[in-house]
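Engineer: One structure, as structure tokens, below. Some questions next.
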Amino acid sequence: MGSGYTIKTYPEKSWSISKMKVMENCYREYYYTYYGSHNGWIDNVTDEQKVAWRLKKLTNIWLMFGDKLHDVIKKTIKNKHNLNITPNYLKEYMRKVLNHGVKESIEKYKDGLWDDYPRGEMLQEYYYGEKLDEESVKEVKRRIELCIDGFFNSKSYKDILKEKSIVLEVDEGNFDYIFVHGVKVFALIDMLYINEDGYYVITDWKTGKIGEHDREQLLVYVLYVMKKYNVSLDKIKGRVEYLLLGESADYKFNEDDLMNINHRIGLDLNVIDAFLIDKELNQPRDKEYFRKCDSLNKCKKCRFKKLCMNEEVF
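The sequence shown begins at 1 in full-length UniProt numbering and counts up one residue at a time.
So, in structure tokens, the structure goes:
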């Protein structure tokens with residue numbers, strides 16, 4: 001680690017919609033994701049912290065698919081005038097990188113290297129001694145076809161090919177953030193561009209089904225764009241591109257929307273604080289305070305099930 005790195009006893013407090021989704025799914029998963037795995041890469045921490053950190057870095061086939069597709073889209077946009085990048089080319093590339101991810105996971109499962117130190121990618125399906133079922137493989141193949149076609153036919157991609165459109169950000173990966181109620185709120189925008197009419201268009205690529213928080217996620221990005229680019233609300237548009245469905249949803253926002261998202265973040269921070277001993281340090285309560293969910297189906301899909309399964313029953 002560089003000399004400028006400071007080891008913090010507790011992680012920095014932050015808010016995101018994805019963080020609240022984890023809490024909603026399971027309080028114990030929330031604990032391991034945001035507290036129990038903290039500093040797990042350091043030698044002189046507990047074994048549980050080390051294991052939790054390694055498990056946190058596991059992925060699954062659906063997350064891997066989404067990550068690879070977002071990466072493919074990013075590269076395509078940055079090379080949008082390259083005529084060699086065709087739908088068939090990208091479909092073949094997607095199959096190649098996903099197959100590599102599966103093979104890498106199988107090798108790591110066999111040699112046990114992931115438990116020594118997690119590098120690269122590891123599918124939890126293989127980490128737990130299972131494998132991808134035939135139905136999942138078939139569905140991934142279907143999604144490759146539909147999502148790549150959906151991208152090339154999307155409003156946003158067609159828009160940025162127009163001469164006067166200006167792409168400002170494409171999944172930059174630099175963890176930009178703003179402060180809301182004094183807490184970091186991360187804004188990882190898939191794409192931001194200025195269209196021919198001078199509007200700032202925020203695009204969110206979705207590789208799955210329509211979600212209930214999709215519009216709210218755009219609102220978080222709106223707060224970020226207004227602050228970073230000093231642009232007024234009436235010059236911003238939001239769009240969710242549902243690549244799997246071949247559909248899109250366009251949004252304009254008003255002051256009530258901004259008030260509502262700020263209010264929602266404030267309420268969520270109160271919930272986050274309820275799980276803390278010290279709100280300033282972001283020090284969590286004991287692990288037992290974060291109760292496990294009672295859904296076996298959720299537990300089967302959880303990356304942290306190794307830790308929960310190893311706990312004594314009585």
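Backbone N, C-alpha and C define an ideal beta-carbon position, used for all residues, glycine too.
(1) CA-CA distance, Glu130 and Asn60?
(2) Under 8 Å Cβ to Cβ from Lys206, same chain only, skipping five residues before and after it: list those, please.
(3) Please check the pair Ser16 and Phe186, which I expect to be a contact at CB under 8 Å, by giving their CB distance rounded to whole angstroms.
(4) Roughly how many angstroms separate the alpha carbons of Tyr253 and Tyr199, rounded to a whole number?
(5) Give the list of continuous alpha helix (DSSP H) stretches no shorter than 4 residues that lie fully inside the segment 260-312.
(6) Would you kindly check if the distance between the Cβ of Ser105 and the Cβ of Leu83 is under 9 Å?
(7) Using a Cβ-Cβ cut-off of 7 Å (strictly less than) and excluding sequence neighbours within five positions of Glu145, which residues of its own chain qualify?
(8) Phe314 by DSSP, collapsed to three states: which one?
(9) Alpha carbon to alpha carbon, how far is Trp41 from Tyr117?
(10) Use the C-beta contact count for Gly101: other C-beta atoms within 10 angstroms, 16 or more gives buried, fewer gives exposed.
(11) Ends of the alpha helix (DSSP H) at Arg28?
(12) Just grab the DSSP bridge partners of Val203 for me.
(13) My understanding is that Glu196 touches Ser165, with C-beta atoms under 8 Å, so please give their C-beta distance in whole angstroms.
(14) Between the C-alpha atoms of Val22 and His263, what's the straight-line distance to the nearest angstrom?
(15) Would you mind sorting Leu296 into buried or exposed? The rule is 16 or more other CB atoms within 10 Å of its CB.
(16) Pick helix, strand or coil for Ile85, following the three-state DSSP scheme.
(17) What does the alpha-carbon distance come out to for the pair Thr203 and Val72?
(18) Quick one: what's got a C-beta closer than 7 Å to Phe152's C-beta in the same chain, skipping five residues either side?
(19) Are the CB atoms of Ile277 and Val225 nearer to each other than 9 Å?
(20) Judging by CA-CA distance, which residue of Glu216, Glu247, Asp256, Gly246 is the nearest neighbour of Asp234?
(21) Is the distance from the Cβ of Leu192 to the Cβ of Tyr221 below 9 Å?
(22) Note down the Cα distance separating Glu29 from Lys305, rounded to an integer number of angstroms.
(23) Quick one: which unbroken alpha helix (DSSP H) runs of 4-plus residues sit fully inside the segment 48-118? Chain order, please.
(24) Since Lys56 and Arg303 should fall inside the 8 Å C-beta cutoff, what is the C-beta to C-beta distance between them, to a whole number of angstroms?
(25) Quick one: give me the first and last residue of the beta strand (DSSP E) that Ile144 is part of.
(26) Between which residues of its own chain and Gly238 is the CB-CB distance below 6 Å, once the five residues before and five after are set aside?
(27) At which residues does the alpha helix (DSSP H) containing Tyr126 begin and terminate?
Structural biologist: This is what the structure holds:
(1) Take the alpha-carbon of Glu130 and the one of Asn60: they are about 12 Å apart.
(2) Hits under 8 Å: Asp214, Val240, Glu241, Tyr242, Leu243, Leu244.
(3) Between Phe186 and Ser16 the Cβ distance is about 5 Å, and since that is below 8 Å, they are a contact.
(4) Before going on, a small fix: residue 253 reads as Phe here, not Tyr. Phe253 and Tyr199: Cα-Cα distance of roughly 13 Å.
(5) Correct list: 296-301, 305-309.
(6) Cβ atoms of Leu83 and Ser105: not closer than 9 Å.
(7) Within the same chain, Glu145 has close Cβ partners Lys91.
(8) Caution applies to Phe314, whose pLDDT of 38 falls short of 50 and renders its modelled position unreliable; the model cannot decide the point.
(9) The C-alpha of Trp41 lies about 8 Å from the C-alpha of Tyr117.
(10) Gly101 is buried by the Cβ-count criterion.
(11) Note, Arg28: alpha helix (DSSP H), 27-31.
(12) According to the sequence shown, residue 203 is Thr rather than Val. Partner(s): Met191, Arg239.
(13) The Cβ separation is near 6 Å, so the contact holds.
(14) Going by the C-alpha atoms only, they are around 20 Å apart.
(15) Leu296 comes out exposed.
(16) Reduced to three states, the DSSP call for Ile85 is coil.
(17) The alpha-carbon atoms of Thr203 and Val72 are separated by roughly 15 Å.
(18) Pro87, listed in sequence order.
(19) Going by C-beta atoms, Ile277 is not nearer than 9 Å to Val225.
(20) Considering only alpha carbons, the answer is Asp256.
(21) Cβ atoms of Leu192 and Tyr221: closer than 9 Å.
(22) So the alpha carbons of these two residues sit roughly 9 Å apart.
(23) Complete alpha helix (DSSP H) runs here, min 4: 61-78, 87-111, 113-116.
(24) Approximately 7 Å separates the beta-carbon atoms of Lys56 and Arg303; this is inside 8 Å, confirming the contact.
(25) Per DSSP, Ile144 belongs to no beta strand (DSSP E); it is in the alpha helix (DSSP H), 134-152.
(26) Cβ within range, chain order: Ile202, Leu218, Tyr251.
(27) That run of the alpha helix (DSSP H) goes 124-127.
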